[in-house]
Amino acid sequence: NAGVTQTPKFQVLKTGQSMTLQCAQDMNHNSMYWYRQDPGMGLRLIYYSASEGTTDKGEVPNGYNVSRLNKREFSLRLESAAPSQTSVYFCASSEAIGAGGNTIYFGEGSWLTVV
Amino acid sequence: QKEVEQDPGPLSVPEGAIVSLNCTYSNSAFQYFMWYRQYSRKGPELLMYTYSSGNKEDGRFTAQVDKSSKYISLFIRDSQPSDSATYLCAFHTGGFKTIFGAGTRLFVKA
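Shown next as structure tokens:
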């Protein structure tokens, strides 16, 4: 019953360091997403992958890169972390993008602090 | 003007109260209307969705959509301490993008 699994759960980075957030889903979903959640801002889409082999920018892609490694896995990389990237990051998946009532399943979140 | 407006709360009610949570939106292209529930330190999970104006009921929860006023509501009857969470409204045009409200924190006191 894993659903969407993301690691690490907590991470502290120094400004300028790089890191990769890993995400895997076991629901055979086609579409995967990375969101960030900040107080008062709601969930904002960073990048998404409509299907294996494709990735596209969301609302706030600057400073991030993604890789859809296979159908199950979608990673998010911070190349040079900045304090503005301190946030809670959620990986998510859904059966297909654009489907009516497209239920998005979220992981439990990764708390990232950049000092 | 923000695309979605949601009062962040917190909203504190006694156990058994009827809770009303609301969102307004400005984008007429939104076709699907959803409510997600997020417990502390967890990811959001879909609670209800609807695609038409009117009411949709599921147990103690009722989702209401008024497209003419661009206003959606979630009602919780007989609220329980286990309902304490953040509730996020969400909107979908049928494309790739789901727009989330900032969330309303609800506390139900025993």
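If you're matching them up, the sequences are chains A and B in order.
Position one of the first sequence corresponds to residue 3 (our numbering), numbered consecutively onward.
Position one of the second sequence corresponds to residue 112 (our numbering), numbered consecutively onward.
Yeah, the Cβ is synthetic: ideal placement off N, Cα and C, and Gly gets one too.
In the displayed model, residue 193/B falls within a helix according to three-state DSSP. Under the three-state reduction of DSSP output, residue 137/B falls in the coil class, being neither helix nor strand.
Cβ atoms of residue 112/A and residue 91/A come within 8 Å of each other, at about 5 Å.
Scanning the region 5 to 47 of chain A from its first residue to its last, the whole beta strand (DSSP E) runs of 3-plus residues come out as 6 to 9, 12 to 15, 21 to 27, 33 to 40.
Bridge pairing for residue 68/A: 78/A [DSSP].
Checking the DSSP bridge columns, you'll see residue 166/B partnered with 175/B. Using a Cβ-Cβ cut-off of 9 Å, residue 43/A is close to 213 of chain B, given in chain order. The beta carbon of residue 114/B sits closer than 7 Å to the beta carbons of 136, 137, 138, 210 from its chain, once the five residues preceding and following it are set aside; these are given in chain order. Counted as a single uninterrupted DSSP element, the beta strand (DSSP E) harbouring residue 216/B occupies residues 215 to 220.
Nearest to residue 33/A by alpha-carbon distance, out of 207/B, 214/B, 217/B, is 207/B. Contact of residue 108/A with chain B is assigned, a C-beta pair being separated by under 7 Å. With a cutoff of 7 Å on beta-carbon distance, residue 149/B and residue 213/B are scored as not near each other. If the five residues before and after residue 67/A are omitted, its C-beta is found closer than 7 Å to the C-beta atoms of 79, 81, all from its own chain and listed in chain order.
Within the same chain, 6, 27, 31, 34, 107 come within 6 Å of residue 95/A by CB-CB distance, once the 5 residues on both sides are set aside. In this chain, the beta strand (DSSP E) harbouring residue 123/B covers 122 to 125. Within the region 150 to 181 of chain B, contact with chain A at the beta-carbon level (separation under 8 Å) is assigned to 152, 153, 154, 155, 156, 157, 160, 162. Straight-line measurement puts the Cα of residue 127/B at about 39 Å from the Cα of residue 10/A. In terms of CA proximity to residue 86/A, 114/A leads the group 49/A, 114/A, 55/A, 12/A.
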